[in-house]
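*Asks:*
In this note's numbering, the protein residues as written are 13 to 311.
#1: Under 8 Å, do residue 93 and residue 114 count as touching if we go by C-beta distance?
#2: Relative to the C-alpha of residue 214, which residue among 284, 181 and 232 is closest?
#3: Would residue 10 pass as a contact of residue 130 if the rule is Cβ separation under 8 Å?
#4: Here's the rule: buried if 16 or more other CB atoms are within 10 angstroms of the residue's CB, otherwise exposed. What is residue 188?
#5: Express the C-alpha separation of residue 281 and residue 230 in angstroms, rounding to a whole number.
#6: May I have the straight-line CA-CA distance separating residue 210 from residue 38, to the nearest angstrom?
#7: How many angstroms separate the CA atom of residue 41 from the CA atom of residue 84?
#8: Should residue 308 go down as buried or exposed, given a rule of 16 or more other Cβ atoms within 10 Å for buried?
#9: What are the start and end residues of each continuous alpha helix (DSSP H) run of 4 or more residues lying completely inside the stretch 63–143, in chain order?
#10: Along the alpha helix (DSSP H) that carries residue 22, what are the first and last residues, could you check?
#11: Assuming residue 99 and residue 286 make a contact with CB atoms under 8 Å, what is their CB distance in whole Å?
#12: Does the Cβ-Cβ distance between residue 152 and residue 160 come in under 8 Å?
#13: Looking at residue 278: is its Cβ nearer than 8 Å to the Cβ of residue 45?
#14: Quick one: is residue 103 buried, meaning 16 or more other Cβ sit within 10 Å of its Cβ, or exposed?
#15: Residue 234 and residue 272: beta carbons closer than 8 Å?
#16: Taking buried to mean at least 16 other C-beta atoms within 10 Å of its own C-beta, is residue 32 buried or exposed?
#17: So, at 8 Å on beta carbons, what are the nonlocal neighbours of residue 289 in its own chain, with the 5 sequence-adjacent residues on each side left out?
#18: Can you give the Cα-Cα distance for residue 143 and residue 168, rounded to whole angstroms?
#19: Residue 202 to residue 78, Cα distance in whole Å?
#20: Given this structure, state the Cα-to-Cα distance separating residue 179 from residue 135, to the nearest angstrom.
#21: Quick check on this structure: which residue in 123, 166 and 163 has the alpha carbon closest to the alpha carbon of residue 198?
#22: How many Å lie between residue 306 and residue 212 at the Cα?
#23: Going by the beta-carbon positions, is the gap between residue 164 and residue 149 smaller than 8 Å?
#24: Report the rounded CA-to-CA distance for residue 48 versus residue 170, giving the unit in angstroms.
#25: Counting only runs of 4+ residues fully inside the stretch 172–217, write out the alpha helix (DSSP H) ranges in chain order.
#26: For residue 226, I'd like the list of residues in its chain whose CB is within less than 8 Å of its CB, leaving aside the five on either flank, ordered along the chain.
#27: Would you identify the three-state DSSP class for residue 157, choosing helix, strand or coil?
#28: To the nearest angstrom, report how far apart residue 12 and residue 141 are at their CA atoms.
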């Protein structure tokens, strides 16, 4: 039987029972973060030039580095897909533990394809639902005034957001089921999640809050002074700009002990995040498939 507890327990069981695999994911995450930080220096220098008052030089420098930035971000996305697939494979195929469950094959290609499909699909859905909501809000404003338009707009925005979240939850098992079936699976996710929205939503919400707290703590460890400066100077744009420049110089300037600590802490948090998200989704899919198998056995 699927419950939110099933997902949460499955996520933490993955971290508890596969610590070496999680550590390997963290190491790869660390290497990728270091490569990106070093390669992003020209782009950051261009941003610092903009903030320092030399916009023409900044635009020229940023234009010359945009291709590199795109390739780096795409490479990081590929790594994320590979590691997330590994985390789900660890739950769905625990016997395939070689190389910390990391592969470069059909599963990864299918998950990458699903990722792009869902990104585009949800963006288009949110865009069109937003247009419909805006038209309704405009109609309410024309008939009842500005306050009515604002109220209707807020309600419809919440409704659009809720619909998108509902769709994401209903389709979320497409990823682990694709790995389990070794073929593209979307419809099966929709079928299996019918009647299980709230347990799935609850499990994802708890995992999201845990990951958010984890990333916040990691950010405070490595950038606590920066966040403090932003809060202390919220009404002083010049001070905020200076704090941002200082933070960027610390992250992408000379490598210090704090820089190394930041990389390590961020990589550890990233690996745990991947394990929790991947483990929770895969545990949900595994539980629902097992429930159906039991039902068919006694049918």
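Cβ coordinates follow ideal geometry from the N, Cα and C atoms, glycine included.
*Replies:* Working from what's here:
#1: no
#2: 181
#3: As displayed, the chain neither begins before 13 nor continues past 311, which places residue 10 out of reach and without an answer.
#4: Residue burial annotation: residue 188 is buried, with at least 16 other C-beta atoms found within 10 angstroms of its C-beta.
#5: 7 Å
#6: 31 Å
#7: 13 Å
#8: Note that residue 308 scores a pLDDT of 47, beneath 50, so its modelled location is shaky and nothing firm can be said.
#9: 67–104
#10: For residue 22, the enclosing alpha helix (DSSP H) stretches over residues 16–29.
#11: 5 Å
#12: yes
#13: yes
#14: buried
#15: At the C-beta level, residue 234 and residue 272 stay beyond 8 Å of one another.
#16: exposed
#17: 23, 96, 99, 219 and 223
#18: 11 Å
#19: 38 Å
#20: 12 Å
#21: 123
#22: Note that residue 306 scores 46 on pLDDT, short of 50, meaning its location in the model is unreliable and no value can be drawn from it.
#23: yes
#24: Straight-line measurement puts the Cα of residue 170 at about 36 Å from the Cα of residue 48.
#25: Runs found: 186–193 and 199–204.
#26: Counting only Cβ-Cβ distances below 8 Å, and skipping sequence neighbours, we find 281, 284 and 285.
#27: coil
#28: Here the chain comprises residues numbered 13 to 311, so residue 12 is not present and cannot be evaluated.
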